[in-house]
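Below is one structure, written out as structure tokens; comments come after it.
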């Protein structure tokens, strides 16, 4: 009697499992659409900027809010547009010396100059941060594709690609499916003395069936005067970006802001231009300033790239294709290299040849 | 268990395929059991095609001719080959080759269950489905440790640890299809041992000539953890002359290098369960994959887990076919109605 009961129970378990396998595979080919457990997370994500603005408002930093919520949104990856829509209002009015505001703006808005080049800094360590992980799956597509898996895969590919140059030290905040809180990522970037920090994420827009690409950076408003000065004093120094950081504490924030923005523009441009070459239906949401914690706490140029959009069904299918993920890694690589080699004639010539 | 009637059995060939990083195998309902090393090679040019005499080579044969071939190990963990196209083709070729090995009769439908490493499965489900679709009439993909567990009838309160080449996959079974939380993958596995062993040997014998392939063979012949009484000596050429080298300590160090991470993951995964079930799972730890052949590995894990109370670790009998046998069992048990839409 008991053994019959046990057998019955086992049979039930077995049937359950078989059905589970079947449903899993249906999901892979996209026949059934399970409930998306992502909505809440998404709103939480979008709520962060709003909360931040509210806090700023309370602190009376109204000037900053104007900048972050209006001008930045207009900025796109296109260098032409970027000149017209200069996002930075000089926080400190130019003193009566020989440097004029136009000088700063010229420097800051020029797409041809990267500060790391101006200062002769060698970028040595690049830290890649695959978004989410472990118990936090990030966005989940209709077929069950998880953001954390895709970001990790792209990050690994990006690392392999960058390692090939042999000149960069590439670090990852996580290299497996582990849970890593944001503050831990920031800590890792700090402790490892990374020179550039790139966080990879996927977008999720439940209400719009579109595919968008956007890149975020963080930075408070700038003090360009010090920046210009530092450029003169430090040209040709052999310091790494991180060692250098200590010396220029005063302008550190400015530098980071400017560099993060340049890096973000470079990455966004590469991502969008290349992705849209393959398929037309992608929207360029440009480069935005946003108070993401990962970017906030990192002391060096830091960007967060939303490289694709998991809510778009077609895009989800493609993200499951190795080639697409490899392409995204390639575009990121191109964006980073463009940033690092800005103004180098040799590199520009090589790129054209490609 | 649902029994298929004789009619269906005749028209359909059920196949369980285990797509591994290092070795792939097939078990079919016509009792075929075959395996191949997961290498695919295409002749580099016209001359090499003349030399090897085939348009595509597999496994050991491909390795033997590797100098004349573009060699691909399609599921190698995290490595990007030049040309992703080739990778996808390689998966396709392996599947095609394995199914040919199973010798389906003319007109026979093929229903296949394919087990792949858990990590690969996450982002490559569609690609793998696409690669297999050409050669099977209906197919399902599952994670490898799950297929092993199903094959061993470990449906409830068990922990399967599949130590492969690229990854070690952990999968807890508790009566349902394992969810995300029930599975974990770490990269401490066979390839990692090879890398360690290679660097240890290079350090100890800087003048001897050996390559990754030789190191892998040393590992496969002599792998062990904990102390063993035997001497381990291998022949490695020095200045062209074969010389015996003692590699016992290096092998042990290399094999033990993956153990801390494995033990840590076991305790971490078990600790997440209800204490009552923890005991049951601890008594049902199963080692699979090539790594389960490491001498002393069961005892090592049992020792390491001693402080957490008694536990029982067993190794699967036939690690090479445990995955494909499990996949075949899944295929046979799967109700007919489930196959149709796939």
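Chains as they are written, first to last, in my numbering: chain A, -2 to 351; chain B, 15 to 356. Built from N, CA and C at the ideal position, the CB exists for glycine as well.
Short of 7 angstroms from the beta carbon of residue 325 of chain B, and not among the five residues preceding or following it, lie these beta carbons of its own chain, in chain order: 296, 297, 299, 316 and 319. Residues of chain A with a Cβ closer than 8 angstroms to the Cβ of residue 283 of chain B do not exist, since the nearest Cβ in that chain sits about 12 angstroms away. Beyond the five residues adjoining it in sequence on each side, residue 282 of chain A comes within less than 6 angstroms, by CB distance, of 209 and 211 in the same chain, given in chain order. Taking CB atoms only, residue 317 of chain B has no neighbour in chain A less than 8 angstroms away. Contact annotation for residue 126 of chain A against chain B: no contact, minimum CB-CB distance about 17 angstroms [criterion: below 7 angstroms].
The residues 176, 177, 178 and 333, in chain order, have a CB closer than 7 angstroms to that of residue 303 of chain B in the same chain once the five nearest residues on each side in sequence are set aside.
The C-alpha of residue 345 of chain B is placed about 27 angstroms away from the C-alpha of residue 138 of chain A.
In the DSSP assignment, residue 249 of chain B forms a beta bridge with B/258.
Going by DSSP, residue 328 of chain A is part of the alpha helix (DSSP H) stretching over 319 to 337. No Cβ of chain A is located within less than 8 angstroms of the beta carbon of residue 50 of chain B.
Around the beta carbon of residue 264 of chain A, a 10 Å sphere encloses 16 or more other beta carbons of the protein chains shown; the residue is thus reported as buried.
Fully contained in the stretch 156 to 243 of chain B are the following alpha helix (DSSP H) runs of length 4 or more, in chain order: 158 to 165, 204 to 218 and 226 to 236.
Rounded to whole angstroms, the gap between the alpha carbons of residue 207 of chain B and residue 123 of chain B is 41 angstroms.
In the three-state reduction of the DSSP assignment, residue 337 of chain B falls in the helix class.
Here residue 316 of chain A carries a helix assignment [DSSP, helix/strand/coil]. Using a CB distance cut-off of 8 angstroms, residue 18 of chain A counts as an interface residue toward chain B. By the rule that beta-carbons nearer than 8 angstroms mark a contact, residue 284 of chain A does not touch chain B. Check the Cα spacing between residue 210 of chain B and each of B/269, B/290 and B/156: the tightest is with B/269. Ranked by Cα distance from residue 28 of chain B, the options B/41, B/288, B/168 and B/35 are led by B/41.
Annotation: Cβ neighbours of residue 198 of chain B in chain A (cutoff 8 angstroms, chain order): 174. The three-state secondary structure of residue 134 of chain B, taken from DSSP, is helix.
Just measuring C-alpha positions, the residue of A/141, A/21 and A/305 sitting nearest residue 272 of chain A is A/305. Taking C-beta atoms as the reference points, residue 187 of chain B and residue 172 of chain B count as a pair closer than 8 angstroms.
Contact between the stretch 134 to 147 of chain B and the stretch 317 to 330 of chain A is established, with three or more Cβ pairs separated by less than 8 angstroms. With respect to the 8 angstroms criterion, residue 108 of chain B and residue 88 of chain B are classified as neighbours on the basis of their beta carbons. Contact check for residue 131 of chain A against residue 197 of chain A fails: the beta carbons are separated by 8 angstroms or more.
In the three-state DSSP reduction, residue 127 of chain A falls in the strand class (E or B).
Contact between residue 336 of chain B and residue 165 of chain B holds: their C-beta atoms lie close to 6 angstroms from each other, under 8 angstroms. For residue 263 of chain A, the three-state secondary structure derived from DSSP is helix.
Boundaries of the alpha helix (DSSP H) around residue 283 of chain B: 273 to 285. A Cβ-Cβ distance of about 54 angstroms is found for the pair residue 260 of chain A and residue 349 of chain B, leaving them out of contact under the 8 angstroms criterion. Between the C-alpha atoms of residue 322 of chain A and residue 329 of chain A there is a straight-line separation of about 11 angstroms. Secondary structure of residue 188 of chain A (DSSP, three-state): helix. Its chain contains 250, 251 and 252 as the residues whose beta carbon lies nearer than 8 angstroms to that of residue 223 of chain B, once the 5 sequence neighbours on both sides are disregarded; these appear in chain order. Separation of the CB atoms of residue 214 of chain B and residue 264 of chain B is rounded to 4 angstroms, and the pair is thereby assigned contact status at 8 angstroms. Contact between residue 297 of chain A and residue 214 of chain A is ruled out by a C-beta separation of about 12 angstroms, above the 8 angstroms threshold.
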